[in-house]
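Residues in the sequence shown are numbered consecutively from 3, following our numbering. Below is one structure; the comments refer to it alone.
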Amino acid sequence: MQKPIFTGAGTALITPFKDGEVDYKALEGLIEFQIAGGIDALIICGTTGEPATLDDNEHKRVVEFALEKVNGRVPVIAGTGSNNTQYAVDLSRFAEKAGADGLLLVTPYYNKCSQKGIVSHFNTVADSVNIPCIVYNVPGRTGFCISVDSYKQIAKHQNIVATKEASGNLLLMMEVLEACGNDMYMYSGDDQQVVPLMSMGAIGFISVFSNIMPAEAHKMAQACLDGDFKTAAAMQLKYLRLMNGLFMQVNPIPVKTAVAKMGYCNNEFRMPLCPMDAADDEKLFALMREQGLIK
3 MQKPIFTGAG TALITPFKDG EVDYKALEGL IEFQIAGGID ALIICGTTGE
53 PATLDDNEHK RVVEFALEKV NGRVPVIAGT GSNNTQYAVD LSRFAEKAGA
103 DGLLLVTPYY NKCSQKGIVS HFNTVADSVN IPCIVYNVPG RTGFCISVDS
153 YKQIAKHQNI VATKEASGNL LLMMEVLEAC GNDMYMYSGD DQQVVPLMSM
203 GAIGFISVFS NIMPAEAHKM AQACLDGDFK TAAAMQLKYL RLMNGLFMQV
253 NPIPVKTAVA KMGYCNNEFR MPLCPMDAAD DEKLFALMRE QGLIK
């Protein structure tokens, strides 16, 4: 099995906007905030980065820009998944050429495929590059869940090194760890399940929460990696209310709102995403205040 792209906490970074355009100055500030906080990896143009509303040129430029600014300080993983296999291949090849350390490949959505189709899809994309790939199982968004049998087949590909598991189904995740643990690493795709999953063998998590608390996310993951699950569990419980609050509306609306409250970007989205309503905004403000993030 290949060496993992990273262990610990990786941030699924938001994409800031200003006056309808990508705000590259704010993006640079977010990158520096993350690295200063000790984050272990950055995921660019994952779900939290709103790639669905970036055009092709923007998507590519955001990936390029992040790679330029990170400059090798932490691994950069580019979200290049699509429900169009050929487009995923093209975008993945671009990211590889740009210098990405790895790729995040979500399962096809809307035009849902069969289990046979998902194996063919991931193998085709992985065949097209020579960098490690992380498959991304998030049935709550895609309407499709990778089966254990499909995982077994996918895990045999030399370029598919890990899965980001956001099914929320701990039984499925345990079965995948048992069946594929010698061939594929696992990252938790849910902040709320980090400690349970890492206690069973996951090597880290890809986080929304770390957009606002990178140092704490890193420390929690590192405690798990060190076998100090008592400390990690205490941190998981300490931040659980805030983690839940970041999903009181569809991601990334609450987390971008939180980052904006901290002064790192505008609270600006691209439709169909829109700002939070006043009641939820106040709830989020209170949760952030509890953790000392704002006064």
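We put the CB at the ideal spot given by N, CA and C, even for glycine.
Residue i, buried or exposed, once every other Cβ within 10 Å from all chains shown has been counted against 16
| i | result |
| --- | --- |
| Leu-173 | exposed |
| Ser-116 | exposed |
| Gln-238 | buried |
| Glu-52 | buried |
| Lys-297 | exposed |
| Cys-276 | exposed |
| Gln-251 | buried |
| Tyr-112 | exposed |
Strand pairing of residue i, partner residues [DSSP]
| i | result |
| --- | --- |
| Cys-135 | Leu-105 and Ile-162 |
| Ala-11 | Phe-207 |
| Val-91 | Answer by DSSP bridge pairing: none, since Val-91 is not bridged. |
| Met-176 | None; Met-176 has no bridge partner. |
| Gly-81 | Leu-106 |
| Phe-19 | Val-24 |
| Glu-218 | Its beta-bridge partners do not exist; DSSP assigns none. |
| Glu-167 | Asn-139 and Ser-190 |
Among the options, nearest to residue i - alpha-carbon criterion
| i | options | result |
| --- | --- | --- |
| Ala-102 | Ser-149, Tyr-138, Cys-47 and Asn-85 | Cys-47 |
| Lys-1 | Pro-6, Gln-251, Phe-67 and Pro-53 | Any property of residue 1 remains undetermined from this structure, which presents the chain solely from 3 to 297. |
| Lys-258 | Thr-13, Met-3 and Pro-6 | Thr-13 |
| Gln-155 | Cys-147, Phe-271, Val-121 and Phe-249 | Val-121 |
| Asn-73 | Tyr-89, Phe-211, Ala-100 and Asp-57 | Ala-100 |
| Arg-243 | Gln-160, Lys-62 and Asp-193 | Asp-193 |
C-beta atoms of residue i and residue j nearer than 7 Å
| i | j | result |
| --- | --- | --- |
| Thr-82 | Thr-126 | no |
| Asn-213 | Val-137 | no |
| Leu-106 | Ile-45 | yes |
| Val-197 | Ala-234 | yes |
| Phe-8 | Ala-38 | no |
| Val-163 | Pro-134 | yes |
Range covered by the beta strand (DSSP E) that runs through residue i
| i | result |
| --- | --- |
| Ala-43 | 43 to 46 |
Residue i: first and last residue of the uninterrupted alpha helix (DSSP H) it sits in
| i | result |
| --- | --- |
| Thr-189 | Going by the sequence as given, residue 189 is Tyr instead of Thr. Note, Tyr-189: premise wrong, no alpha helix (DSSP H); beta strand (DSSP E) at 187 to 190. |
| Tyr-153 | 150 to 156 |
| Ala-128 | 117 to 129 |
| Asp-283 | 280 to 292 |
| Gly-247 | 242 to 247 |
| Phe-67 | 58 to 72 |
| Gly-265 | Careful: Gly-265 lies outside any alpha helix (DSSP H) and carries neither H nor E. |
| Gly-198 | The sequence given here has Pro at residue 198, not Gly. Residues 196 to 201. |
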